[in-house]
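Heads up: the protein sequence lines correspond to chains P and F, in order. The opening residue of the first sequence carries number 14 in my numbering; numbering runs sequentially from there. The opening residue of the second sequence carries number 14 in my numbering; numbering runs sequentially from there. Below: one structure, written as structure tokens.
There are 2 protein chains.
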Amino acid sequence: MAKKTNNVTPWDIQGEIDYQDLAQRFGTRLLSEDILERMEKHAGREHFMLRRGIFYSHRDVDEVLDHYDAGGQFALYTGRGPSGPVHLGHLVPWVFTKHLQDIYGCKLVFQFTDDEKMLIREDYDAEITSHWVYENALDLMALGFDPDKTEFIVDMKHTAKLFSIALKVAKRITWSTMRAVFGFNEDSNLGIIFFPTMQIAPCFIESERSGEPVPCLIPAGIDQDPYWRLTRDVATKLGYPKPAQIHGRMLPGLTGNAKMSSSMPETAIFTSDVPELVEKKIQDMPTPENRVDCLAYLLHYFLLTESDEEVNELHHECTVNQRSCQECKMELVEKVNKFLLAHQRRRKLIGKSVKRMLE
Amino acid sequence: MAKKTNNVTPWDIQGEIDYQDLAQRFGTRLLSEDILERMEKHAGREHFMLRRGIFYSHRDVDEVLDHYDAGGQFALYTGRGPSGPVHLGHLVPWVFTKHLQDIYGCKLVFQFTDDEKMLIREDYDAEITSHWVYENALDLMALGFDPDKTEFIVDMKHTAKLFSIALKVAKRITWSTMRAVFGFNEDSNLGIIFFPTMQIAPCFIESERSGEPVPCLIPAGIDQDPYWRLTRDVATKLGYPKPAQIHGRMLPGLTGNAKMSSSMPETAIFTSDVPELVEKKIQDMPTPENRVDCLAYLLHYFLLTESDEEVNELHHECTVNQRSCQECKMELVEKVNKFLLAHQRRRKLIGKSVKRMLE
């Protein structure tokens, strides 16, 4: 049985996660049949991450779809803290975000929160930042996002784009709210206390620029939800549309923890991993008592295998036919390496374009 | 007798001020004979604001002078919240700062804290900001600062120059320190909590740019001291030189309050006031019981009359010869209007240059 955690803030995820419980505690809604049908109709197909409940919860997605159906445009917003290499867990929401950009033809604002990483980590400086920003941006764009409809905002580089909006936001949030939402205390540093306003600001950037309300949809892990609950309160006070969210589950880590984590390399397969390392990491994966929680299976389920038929067969082979873990792992190694090889090839072709996008 | 106040923070000055007591409470040192002599030697003359104790207190000015005598350079840093027109009280420290730039040939970093004003005032927006920034910059430069050695930093416009330094600063300050130094509480907005780091950042900008320690000297009213005490702690943690300060007294308001204030126009003579308005304001000034506290006298003493002989004569005329207030006020009206006319003429000549400086 998955253990429940009562301790999910953006800076502290541990233990296995009960996602139904999270949605209930955060007060979000599960994606309804109606929403899933509408999105399928827009896309011409049902995305496997929706069908499988990998993206499963939301706020106001129905309103965004209404706006779209009425001929309006909306913006996508997501981002990443550029603290290290990208792993397969990062790709899950990005693959889904790319799907949304494809269907709805909308702009993606992608934020690199280099400021947050610098504020949390002692060993972090501008050189490390710009290295990871570039590397991570390659990983994003290698998934096929439209460069003309994708804008990078690197907090410490493109500060001017955000700061005036961040200050408007900051003006409407008190210390007591910050403390309640993020669990800050007497010893919290002032930078990390201010940081959430920089993560909130991009929700409003398209409205600010166009001078009219542009709804914003945030596809991201549900662990980031505290930001958006706060953002929705502030939006009302500032006259911006409340940002909508579509929440994903997080790909668990290789060693059985709640999610893959860059800061624990043994839990993750990185996009830059060479085939031998991938093989070693997969061979070292523990076999869980409950075969359904097996990460080999979850890697197929979350990312590698779109076909339900194939996924079901994998499941059947394991649970009914008792296929050996070794056999299953060899198949997974091959599939991951094929995926990574193609990804690494695409990364190599887009260096110039990504550099331009980061200027 | 002047009433003492125990309540001097940068956002809250009220009542008359016991400056000796302030220096003692803030733990600053009074300018010594030795320092005054050294500055006189550098300048070739003794500045009337030093002689009269208008600038009277300091931290580490002796060290800055040592550095200068050893052939080193330092930077001046001061600034203003661009919330309205400049009055004669604002000019007092600027006149002294100009003197320092003349003597030491050093760069002045002048900050416009438009962000702070926006965070404090409900009615403040970008249009009002840029109006007052330009108007105030004209007032500063009309005093004769060297445009090639003066840099304006408008927080919300030139954010990129400050933000990365502000974040380094913010990383080294905890909430409990902010609360203790600035009196923040549960209801303080997050923007104003973060703001001090933006005011601290320019202390380090020349060191950051040159990659070596460049001492910074801040000529300003002693009411800003809480910022600099905090800054000095942080400087040590970040490996920058501690900024030095030279503290001034503030020109009291026309109606007898602690200082002229833009937010109480009846207390101030603005640089844009027409002669008739100046006359009315001076005529309306109350006559204090204690003639030495008379603002007519203090205007001469702080700003208008450099010659001690003339100031002593004014004092003698009033206290010994019992000259009528009416006569004294007429003389003051003439002197203020002559001062303002020349100032307004210089303002008109420098519009283009100031616009370029603000780009």
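Note that beta-carbon positions come from the ideal geometry of N, C-alpha and C, so glycine has one too.
query, result
"Length-filtered (4 minimum) alpha helix (DSSP H) runs lying within the region 126-209 of chain P", "127-133, 139-154, 172-184, 188-195"
"Distance CB(residue 235 (chain F))-CB(residue 43 (chain F)) smaller than 8 Å", "no"
"Local conformation of residue 368 (chain P) per DSSP, three classes", "helix"
"Contact residues within the region 308-325 of chain F, judged by C-beta distance below 7 Å to chain P", "none"
"Residue 354 (chain F) burial status per 10 Å Cβ neighbour count (16 or more: buried)", "exposed"
"Other residues of its chain near residue 22 (chain P): CB distance less than 7 Å, five sequence neighbours each side excluded", "Interpretation of residue 22 (chain P) is limited by its pLDDT of 42, a score under 50 that renders its predicted location unreliable; the figure taken from the coordinates is listed afterwards. Excluding residues within five positions, the ones whose Cβ falls inside 7 Å are 195, 196, 239."
"Interface flag, residue 24 (chain P) vs chain F, CB-CB below 8 Å", "With a pLDDT of only 45 at residue 24 (chain P), under the threshold of 50, the placement of this residue in the model should not be trusted; the figure read from the coordinates follows. It does not: the Cβ of residue 24 (chain P) has no partner Cβ on chain F nearer than 8 Å."
"Below-8 Å beta-carbon distance, residue 132 (chain F) vs any chain P residue", "yes"
"Residue 338 (chain F) (DSSP reduced to helix, strand or coil)", "helix"
"Which residues DSSP lists as bridging residue 117 (chain P), in chain order", "The partner list for residue 117 (chain P) (beta bridge, DSSP) is empty, contrary to what the question assumes."
"C-beta neighbour in chain F for residue 200 (chain P), strict 8 Å", "yes"
"Chain P residues whose Cβ lies nearer than 8 Å to that of residue 30 (chain F)", "What residue 30 (chain F) touches in chain P: nothing, since even the nearest Cβ is about 29 Å away."
"Residues sharing a beta bridge with residue 92 (chain F), DSSP", "F:124"
"C-beta atoms of residue 158 (chain F) and residue 114 (chain F) nearer than 8 Å", "yes"
"Backbone CA spacing between residue 229 (chain P) and residue 299 (chain P) [nearest angstrom]", "40 Å"
"Of the residues P:286, P:200, P:215, the one placed nearest residue 245 (chain P), counting alpha carbons only", "P:215"
"Residue from P:152, P:212, P:207 with nearest C-alpha to residue 357 (chain P)", "P:152"
"CB contact check: residue 183 (chain P) to chain F, cutoff 8 Å", "yes"
"Contacts that residue 204 (chain P) makes with chain F (C-beta to C-beta distance below 9 Å)", "179, 180, 181, 182, 183, 184, 185, 186, 207, 210"
"Residues sharing a beta bridge with residue 258 (chain F), DSSP", "F:72, F:231"
"Beta-carbon proximity check, residue 188 (chain F) vs residue 312 (chain P), cutoff 8 Å", "no"
"contact_flag[the region 117-129 of chain P, the region 325-342 of chain P] where n(CB pairs < 8 Å) is 3 or more", "no"
"Close Cβ partners of residue 133 (chain F) (< 7 Å) along its chain, the five nearest in sequence each way excluded", "205"
"Residue 412 (chain P) (DSSP reduced to helix, strand or coil)", "A query on residue 412 (chain P) cannot be resolved here, the shown segment of chain P reaching from 14 to 372 and no further."
"Own chain partners of residue 81 (chain F) with C-beta closer than 7 Å, once the 5 adjacent residues on each side are dropped", "87, 117"
"Residue-level contact to chain F via CB, residue 110 (chain P), 8 Å cutoff", "no"
"Range covered by the alpha helix (DSSP H) that runs through residue 48 (chain P)", "46-56"
"Beta-bridge pairing of residue 283 (chain F) - partner residues as DSSP gives them", "F:100"
"Buried or exposed (CB count within 10 angstroms, at least 16 for buried), residue 58 (chain F)", "exposed"
"Cα-Cα separation between residue 171 (chain F) and residue 369 (chain F), rounded to whole angstroms", "14 Å"
"Extent of the continuous alpha helix (DSSP H) to which residue 271 (chain F) belongs", "Unbroken run through residue 271 (chain F): none, as it is neither H nor E."
"Beta-carbon contacts of residue 307 (chain F) that lie in its chain and below 6 Å, excluding the five residues immediately before and after", "301"
"Contacts that residue 189 (chain F) makes with chain P (C-beta to C-beta distance below 8 Å)", "199, 200"
"Chain F contact for residue 172 (chain P) (CB, 8 Å cutoff)", "yes"
"Nearest-angstrom Cα separation, counted from residue 341 (chain F) out to residue 350 (chain F)", "14 Å"
"Proximity winner among P:258, P:288, P:363, relative to residue 231 (chain P) (alpha-carbon distances)", "P:258"
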